Amino acid sequence: MNKTFYDETHTVFGHHDSKILNWIFTMDHKRVGILYGIPMLLVFAIAITVAFIMRLELYAPGEQFISADLYNQAFTLHGVLMVFLFIIPGIPAVFGNIIMPLMIGAKDVSFPRLNLFTWYLYMTGLVVAVLSLFIGEGVADTGWTFYAPYSVTTDTNVVMALSAAFLLGMSSVLTGLNFVVTIHRLRAPGMDFFKMPLFVWAIYATAWIQILATPVVGITLILVIIEKFTGIGIFDPSKGGDPVLYEHLFWIYSHPAVYLMILPAFGIVSEIMPVFSRRTIFGYHAIALSSVVIAVVGYFVWGHHLLGSGMSDLARAIFSFLTFFVAIPTGVKFFDWVATMYKGSIRLDSPMLWSLGTIITFMIGGFTGLTITMIGQDLHLHDTYYVVAHFHYAILSGVVWFFFAGIHYWYPKVTGKMYNESIAKLVFYIQFIGFNLLWFPPFIAGYLGMPRRYYDYLPQFEIYNQLAFYGAVIMIFGLVWMFWNLFRGIKHGTPVGNNPWEATTLEWHLPSPPPAGNFSKTPYVDFDPYEYHHGEPVVKFDENYKRIS
Amino acid sequence: MSHATGPEIVIDPQGNEHLAVDFQDDYEAGIFGYWLFIFTEFMMFGAMFMVFTIYFTMYTADFVEMSKEHMNLMLGGTNTVVLLISAYMMGLGMMNLEKGNHDKAIKFIWYTIILSVVFLSIKAVEWSHDIHLGLFPGDPVLESMSKGANLFFGMYFSMTGLHGLHIIIGIAFMYWTIKSIKNGEVGAHRPVFMKNVTLYWDFVHLIWVFLFPLYYMIGGAA
C-alpha cells in the first residue's frame, strides 16, 4: 500500500521518533483540538479552585481566609482564566478543530500550520497569565474587565494580564480566519451551505465574530499597555482622556464575545437534539440563520453594559431595544429544539440529559438577562450579585454545560471507547442540583442589594451565601466524579463502533477514532444532515464512502 | 515537502465528476484568508481612528493648533509621495512576477524596500525633533500644555508608531519574498505569497493616506 501524505508528514518538520514531538508539531486538526483540550482542563480546574476559595471566604460575613486585596485578585484571576483561557477558546478550539472538518468531509483545515501556530499563541498566553501570579505584586486586581483608570494606576501585574489577553485574542482571530476559509473552501462536493450540519453553521457565525470583534479589544488592550508605560492619557481623565471610552471599546468586543461563547454551544445542542429524538431537526434554516442574526445583532448591543454610565437616553433606549431583540433569534432556536423533540422517540442518554437540563438553566439565565436590560431595572440591579448569578446561569450552566454535553456526545468518536453511562447520568443530576443551589440564592441576595466583588457583606445575606456554599460543594463533587468517569473510560471503557448514537452527520461514518487524513475517499454529499426514517438513519456509505442507501 | 495527494475526483450518483478541493496549495484559500486578515487589521486601525475622532471632536481647537504649529507638512507630504511610489513599485513587481520576469520582480521589490527605509528615516527625523522639543507623552513640557495637546501627541505617537511597526514588518516580508523567489518557492507558478505581501503593502499605504490629512493637514485648513 502506498504511504499517503498523512502517514509520512503529519507534523510540520516531518516524522519524529519521539511521540511527544509528533504531538506538539502536529498539523492534524484532530490532534490540535486535543492539544487545546488538555491545558484548558487544567485552567478550568485552577479557576474552579479559586472560585471555591472565594465561596469559602463568603461563607460568613467578615474576613476569614483571605484579605480584601487577595479577594480582588482572586476574582480577577477566576475571570481571566475562565473567560479568556477556557470559555472563549473552548468549544471552537476543541470541537471546532476536531469535529468541524470531519462534518464537512474535509481532510484538514485550510491552513494546518496556522492552526498549530494558534495553539502556540494560546500556550504563550497561558504561560504569561500564570507567570503574572508569581512576579512582582502578583496577579491583577482589576476584575477581568481591566476598567480604566484603575487598571492604569494599580501596581499589580496588569500589563502581563493584558499581554496574555492580547495573545489569546490573536490566537482566537487566526482560528476564526482559518475556520471561515475552511468552511468556504473545503466542503465535500455536493454539500452546499444549507446541507451543512448546524454545528458547522454555528462555528461559521462564531468565526466571523472572532475575526471582526477581537482586533478591537486587541488594540484597546495595547492602548492600556502604552498608557501604563508612557502615559499617553487616552483613558486618563487627569490628562483629558475618557475612561468611559475604554468601557465602550472593551465591550465592543466583549459583548460579542459572549455570543462567541454561546453560539458554538447552541450548535452542539442542534446536533444532539435530532440524534436523541430520532427525528429530522425542526426548522433547519431557521436555526442556521438565527446563528447569523445573533452574530450580527450581537455586535450592536454592547452599550447595555454602560446603561448606568451617563449615556444619552436615546442611546440607552436603542441599546436596550437591540438587547431585547437578540432574544428573538435565541428563542427561535429553543422553540425549534423543543419542536424537534415533539413526537420524537426520545432517548435520555447522557448527552441528551445534559442538553435538556441546560435548556432549563439557560432559560433562567436568558430571562434574567432580559430583566436587567430594562433600563430602570438595570439601575437597581447593576453591580449586584443578581448580575453575577445571571452571568453564571448563562455561561456556566449554558456554555460550559453544553460543552459537557458535547464532550459526552463526541467522546466515543474521539477516544473510540464509551464511558460508564450510568455514572454519567448520575453526575448530571448531582451537578444540576448543586448548581441551582449554588447560583439561585445569589439572585435573591442581589435583588435585595448585595453588591458584587466584595469579600464582605451585610449579615442579612448570610443564609444565601451559605446555601451557595453547600451548592458549590455538591457541584464540585459532581464535577470531579464526571471527569474521573471520563478519564477512566479512555482506558477501561468498552470499545464502540463507528456510530454508537446512530447519528447521521459525516463524522459518524468514520472509524472511531478517525484515522489521519480522515476520509480515504471524499464522499459526495447529496443529502440533508439529519435524515431519519422511522428512527433509523437514512444515509449509509460503503467502505469507500460511496453512498449505498 | 511532499505533495502525495493529487486532485481527487468525486463522482456523484448521476455519474458527473466533481473536484474535491485539496487544502494543499489552495490558491483561492490563500487569497481569501489574507483578505480576512486585512479585515482584522482594518478593525484594529479602525478602533484607533474612532478614538481619534472622539478626541478630535472633544478638543478640536487644540488639535488644529498642535497640527499647525508642530506638524511639518513638507516632511509629511514627502513621506506620502514616497509611500505612494513604493506601492506603485510593489505593483510593478507583482505584474512582472506574474509574467515570469522574476529578476525584474526582485528589482522592483528592492526599490520598494529602499523607499520604505526612506519613509522610516524621514519619520525618525520628525519623531526625534518632536521628542527633542519635549512633545512626548510623560515629558514635563507636554504635560504643562493643554489636555488636547496631550491627547494629540498621545494619539500621534501611538498611531504613527503602530503604522511604522507595520512598515518594518512589511520590509521583513518583502525580504522574505525576495528569498523565496530566488529559491523558487514563489514565482509565476505560485504567486500567492507575493500577492498577499502586495496586498498588505497597499493596506499599509492606505492607512498612511488617512493618517496624513488627520495629523498634518487639519492645521493647514485653519
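If you're matching them up, the sequences are chains D and L in order.
Numbering-wise, my numbering comes out as the position in the first sequence, counting from 1, plus 347.
Numbering-wise, my numbering comes out as the position in the second sequence, counting from 1, plus 7.
By construction, the Cβ of each residue, glycine as well, lies at the ideal position given by its N, Cα and C atoms.
In this text, all values refer to a predicted model and were calculated from it rather than measured experimentally.
Notebook entry, point to check: Does the distance from the CB of residue 705 of chain D to the CB of residue 621 of chain D come in under 7 angstroms?
Noted result: Judged by beta-carbon spacing, residue 621 of chain D lies beyond the 7 angstroms limit of residue 705 of chain D, meaning their Cβ atoms are not closer than that value.
Next item on the list: Leaving out five residues on either side along the sequence, give the residues of the same chain with a beta carbon under 6 angstroms from the beta carbon of residue 103 of chain L.
Entry: The residues are 111 and 112.
Notebook entry, point to check: Looking at the structure shown, is residue 463 of chain D part of a helix, part of a strand, or coil, going by DSSP?
Noted result: Residue 463 of chain D sits in a helix when the DSSP states are folded into three classes.
Next item on the list: Give the secondary structure of residue 538 of chain D by DSSP, where H, G and I count as helix, E and B as strand, and everything else as coil.
Entry: Here residue 538 of chain D sits in coil by DSSP.
Next item on the list: Have a look at L/21, L/30 and L/86 and flag the residue whose alpha-carbon is nearest the alpha-carbon of residue 216 of chain L.
Entry: Restricting attention to L/21, L/30 and L/86, the CA atom closest to the CA of residue 216 of chain L is found in L/86.
Item checked: DSSP beta-bridge partners of residue 880 of chain D -> Beta-bridge pairing links residue 880 of chain D to D/883.
Check: Straight-line CA distance for residue 77 of chain L to residue 223 of chain L?
Finding: Straight-line Cα distance between these residues: approximately 9 angstroms.
Notebook entry, point to check: For a contact meaning CB atoms closer than 8 angstroms, what does residue 563 of chain D contact in chain L?
Noted result: Near residue 563 of chain D (Cβ distances below 8 angstroms), the residues of chain L are 50, 51, 53 and 54.
Next item on the list: Apply the 10 Å Cβ neighbour rule to residue 358 of chain D and answer buried if 16 or more other Cβ atoms are within range, or exposed otherwise.
Entry: Classification for residue 358 of chain D: buried.
Note to self: At the level of alpha carbons, what is the spacing between residue 733 of chain D and residue 716 of chain D?
What the structure shows: C-alpha separation (whole angstroms): 10 angstroms.
Note to self: Is the separation between the beta-carbon of residue 614 of chain D and that of residue 535 of chain D shorter than 7 angstroms?
What the structure shows: The Cβ atoms of residue 614 of chain D and residue 535 of chain D do not sit closer than 7 angstroms to each other.
Notebook entry, point to check: In three-state terms, what does DSSP make of residue 752 of chain D?
Noted result: Residue state, collapsed to three classes: helix.
Note to self: Just checking: is the beta-carbon of residue 639 of chain D within a distance shorter than 7 angstroms of some beta-carbon in chain L?
What the structure shows: So, not an interface residue.
Check: Beta carbon of residue 246 of chain L, beta carbon of residue 181 of chain L: below 7 angstroms?
Finding: Residue 246 of chain L is absent from the model: chain L starts at 8 and stops at 229.
Check: Which same chain residues, not among the five before or five after residue 793 of chain D, have their C-beta less than 8 angstroms away from its C-beta?
Finding: If we look at residue 793 of chain D and ignore the five residues flanking it on each side, its Cβ neighbours are 728, 731, 732, 733, 734, 735, 736 and 799.
Note to self: the ligand ATP and residue 39 of chain L: does any heavy atom of the ligand fall closer than 6 angstroms to the residue's C-beta?
What the structure shows: In the structure shown, the ligand ATP is absent, as is every other ligand, since no ligand is present at all.
Note to self: So with CB distances below 7 angstroms, who are the chain D contacts of residue 145 of chain L?
What the structure shows: Result: 577 and 578.
Check: Is the Cβ-Cβ distance between residue 503 of chain D and residue 487 of chain D less than 7 angstroms?
Finding: For the 7 angstroms CB-CB criterion, residue 503 of chain D and residue 487 of chain D form a contact.
Checklist line | Segment contact flag, the region 198-214 of chain L with the region 92-100 of chain L, C-beta cutoff 8 angstroms, min 3 pairs | finding: By the Cβ criterion, the region 198-214 of chain L is in contact with the region 92-100 of chain L, since at least three pairs of Cβ atoms, one from each stretch, lie closer than 8 angstroms.
Item checked: Interface partners of residue 219 of chain L on chain D, CB under 7 angstroms -> Simply none; closest approach about 20 angstroms.
Item checked: Interface residues of chain L facing residue 871 of chain D [CB-CB closer than 8 angstroms] -> 17, 18, 19, 20 and 25, listed in chain order.
Check: With a CB to CB cut of under 7 angstroms and the five nearest residues on each side skipped, what residues in its chain are close to residue 483 of chain D?
Finding: Closer than 7 angstroms at Cβ, skipping near neighbours: 504.
Next item on the list: Could you list which residues in chain L have their beta carbon closer than 8 angstroms to that of residue 457 of chain D, in chain order?
Entry: Under the 8 angstroms cutoff, chain L gives 30, 33, 36 and 40.
Notebook entry, point to check: Does DSSP classify residue 844 of chain D as helix, strand or coil?
Noted result: If DSSP states are grouped into helix, strand and coil, residue 844 of chain D belongs with coil.
Checklist line | residue 38 of chain L to residue 184 of chain L span [Cα, whole Å] | finding: Distance between the alpha carbons of residue 38 of chain L and residue 184 of chain L is about 16 angstroms.
Margin query: For residue 672 of chain D and residue 631 of chain D, I'd like the C-alpha separation in whole angstroms.
Written below: Approximately 21 angstroms, taken between the alpha carbons.
Item checked: CA-to-CA distance, residue 50 of chain L to residue 556 of chain D, given in whole angstroms -> If you take the alpha carbons of residue 556 of chain D and residue 50 of chain L, they lie about 12 angstroms apart.
Note to self: If we define contact as Cβ-Cβ less than 7 angstroms, is residue 206 of chain L a contact residue for chain D?
What the structure shows: Under the Cβ distance rule, residue 206 of chain L does not count among the residues neighbouring chain D, no pair being separated by less than 7 angstroms.
Item checked: Alpha carbon of residue 763 of chain D to alpha carbon of residue 414 of chain D, nearest angstrom -> C-alpha of residue 763 of chain D to C-alpha of residue 414 of chain D: approximately 48 angstroms in a straight line.
Next item on the list: Tell me, please, whether the CB atom of residue 707 of chain D is closer than 7 angstroms to any CB atom in chain L?
Entry: Not closer than 7 angstroms to any Cβ of chain L, the Cβ of residue 707 of chain D fails to qualify, so no.
Check: In whole angstroms, what is the alpha-carbon distance linking residue 52 of chain L and residue 522 of chain D?
Finding: Their Cα atoms are separated by approximately 20 angstroms.
Margin query: Runs of 4 residues minimum, wholly inside the region 73-138 of chain L: which ones carry the alpha helix (DSSP H) assignment?
Written below: You should have 80-106.
Check: Looking at C-beta atoms only, is the number of pairs between the region 386-398 of chain D and the region 416-433 of chain D that lie closer than 8 angstroms three or more?
Finding: Under the Cβ criterion (8 angstroms, minimum of three pairs), the region 386-398 of chain D counts as touching the region 416-433 of chain D.
Item checked: DSSP three-state assignment for residue 567 of chain D, whether helix, strand or coil -> Here residue 567 of chain D sits in helix by DSSP.
Next item on the list: Compare the C-beta of residue 47 of chain L against all C-beta atoms of chain D and say whether one is closer than 7 angstroms.
Entry: Output row for residue 47 of chain L: interface = yes.
Item checked: Straight-line gap, residue 137 of chain L to residue 131 of chain L (C-alpha atoms, nearest Å) -> Distance between the alpha carbons of residue 137 of chain L and residue 131 of chain L: 10 angstroms.
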